[in-house]
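Novice: If you count by the numbering used here, then the sequence shown holds residues 878 to 1081, one letter each, in order.
Below is one structure. I have some questions about it.
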Amino acid sequence: MSAAYLAAVATRRTTYALTAKSSVSDEKIAEIIKHCVKHCPTPFNTQSSRAVLVIGAENTKLWDMVSESALKGMAEGDQKVAQAGKLKAFGGGYGSVLFFEDQAVVDAISAKIPTLAKQFPVWSNNATGMLQHAVWTALCLEGLGANLQHNGAYSDELVADIHKTFSLPKTWTSTAIMPFGDPAAGPGEKAFGSLDDRVKVFKA
């Protein structure tokens, strides 16, 4: 029964070579994101995870802001050129999904159950990771390429600009940005280490 799901998990790959096209409709992409946000688990069903879909010119606007923030203050040279190239590629996709956790929700449940207050931020991170994986896998199953970046919090100024540009609550904390689009090339080969070193099984 789990074969189809496990095959889907293996289908999810990191694709950096993206085009500004999408063979999947905007409506379908939004439907996928909404479905994942609805059904992915959150601690104590707090439903703290948030997602924002930006497409076309809005995606360009996002990555222009990220690039400006990331490159500001970098010394001229090969490293800056390489970073600028990477950011340009991310912004060259069809769109991006921005992932957030609503800190107001996390703080509220922490105050309600103080004995677990230190754990809720950890569980919140778990929740956003599961949401990111679900969206990423679903987009890959539709034939889109995607990758996961963490550029949304380069600086307080960038955080403020993103919130202002897209009219987002200030309590939404950026956890990741997922650029996507029709792939210009497939993902590279992926090497795997020994699972014996990564998985332990104990039974009586």
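Where is the CB? At the ideal position from N, CA and C, for every residue including glycine.
Predicted model only: the values in this text are computed from it and were never measured.
(1) Looking at the structure shown, is Ala1023 part of a helix, part of a strand, or coil, going by DSSP?
(2) Could you give the distance in angstroms between the alpha-carbon of Phe976 and the alpha-carbon of Asp1038?
(3) Ordered along the chain, which non-local residues of its own chain (more than five positions away) have a Cβ less than 7 Å from that of Lys1047?
(4) Could you check whether Val983 and Ala928 sit closer than 8 Å to each other, using their CB atoms as the reference points?
(5) Report the residue from His1027, Met942, Ala1068, Thr1014 whose alpha carbon sits nearest the alpha carbon of Phe1043.
(6) Along the alpha helix (DSSP H) that carries His1042, what are the first and last residues, could you check?
(7) In this structure, what does DSSP give as the bridge partners for Asp979?
(8) Since I believe Cys917 is in contact with Ser925 (beta carbons under 8 Å), could you give me their beta-carbon distance rounded to a whole number of angstroms?
(9) Extract the residue ranges of the alpha helix (DSSP H) inside the region 940-991, only unbroken runs of 4 or more that lie entirely within it.
(10) On the CB-based measure, 16 or more other CB atoms within 10 Å of its CB, does Asn1003 come out buried or exposed?
(11) Given a threshold of 16 other Cβ atoms within 10 Å of its Cβ, counted over all protein chains shown, does Ser1001 qualify as buried or as exposed?
(12) One question on the structure: do Thr1005 and Glu978 come within less than 8 Å of each other, judged by their Cβ atoms?
(13) Quick one: give me the first and last residue of the alpha helix (DSSP H) that Ala881 is part of.
(14) According to DSSP, is Ser926 part of a helix, a strand, or is it coil?
(15) Are Ser946 and Leu1045 close, meaning C-beta to C-beta below 8 Å?
(16) Exposed or buried, Gln996, counting other C-beta atoms within 10 Å across all chains shown (16 or more means buried)?
(17) If you draw a straight line from the alpha carbon of Pro1056 to that of Ala994, how long is it in whole angstroms?
Specialist: If we stick to the structure as given:
(1) Indexing the sequence shown from 1 puts residue 1023 at position 146. Ala1023 falls in the strand class under three-state DSSP.
(2) One-based indexing of the sequence shown puts residue 976 at position 99. One-based indexing of the sequence shown puts residue 1038 at position 161. Cα to Cα, the separation comes out at about 16 Å.
(3) Stepping through the sequence shown from its first residue, residue 1047 is reached at position 170. Excluding residues up to 5 positions away in sequence, His1040 lie with their Cβ nearer than 7 Å to the Cβ of Lys1047 in the same chain.
(4) The residue you call residue 928 lines up with position 51 of the sequence shown. The residue you call residue 983 lines up with position 106 of the sequence shown. For Ala928 and Val983, no; Cβs fall outside 8 Å.
(5) In the sequence shown, residue 1043 corresponds to position 166, counting from 1. Per the Cα distances, Met942.
(6) Taking the sequence shown and counting its residues from 1, the one referred to as residue 1042 is at position 165. It should be pointed out that residue 1042 corresponds to Thr in this sequence rather than to His. Where Thr1042 is concerned, the enclosing alpha helix (DSSP H) stretches over 1033-1042.
(7) Counting from 1 along the sequence shown, the entry for residue 979 is found at position 102. Answer is Trp1049.
(8) The residue labelled residue 925 in the question sits at position 48 within the sequence shown. The residue labelled residue 917 in the question sits at position 40 within the sequence shown. Contact between Ser925 and Cys917 does not hold, since their C-beta atoms are separated by about 11 Å, which reaches or exceeds 8 Å.
(9) Whole alpha helix (DSSP H) segments, 4+ residues: 955-968, 980-989.
(10) As a first step, residue 1003 is located in the sequence shown; it is residue number 126 there, counting from the start. Burial state of Asn1003 is exposed, judged by a 10 Å Cβ sphere holding fewer than 16 other Cβ atoms.
(11) Here residue 1001 is taken as the residue at index 124 of the sequence shown, counted from 1. Taking all protein chains shown into account, Ser1001 has 16 or more neighbouring C-beta atoms within 10 Å of its C-beta and is therefore buried.
(12) Against the sequence shown, residue 1005 aligns to sequence position 128. Against the sequence shown, residue 978 aligns to sequence position 101. In terms of Cβ geometry, Thr1005 and Glu978 form a close pair [threshold 8 Å].
(13) Stepping through the sequence shown from its first residue, residue 881 is reached at position 4. Note, Ala881: alpha helix (DSSP H), 880-888.
(14) Here the question's residue 926 lines up with position 49 in the sequence shown. The three-state reading of DSSP puts Ser926 in strand, counting E and B together.
(15) Along the sequence shown, one-based indexing puts residue 946 at 69. Along the sequence shown, one-based indexing puts residue 1045 at 168. In terms of Cβ geometry, Ser946 and Leu1045 do not form a close pair [threshold 8 Å].
(16) The count along the sequence shown starts at 1 and reaches residue 996 at position 119. Looking at its Cβ environment, which holds fewer than 16 other Cβ atoms inside 10 Å, Gln996 is exposed.
(17) Translated into the one-based positions of the sequence shown, residue 1056 becomes position 179. Translated into the one-based positions of the sequence shown, residue 994 becomes position 117. Across the structure, Pro1056 and Ala994 are spaced so that their CA atoms are roughly 33 Å apart.
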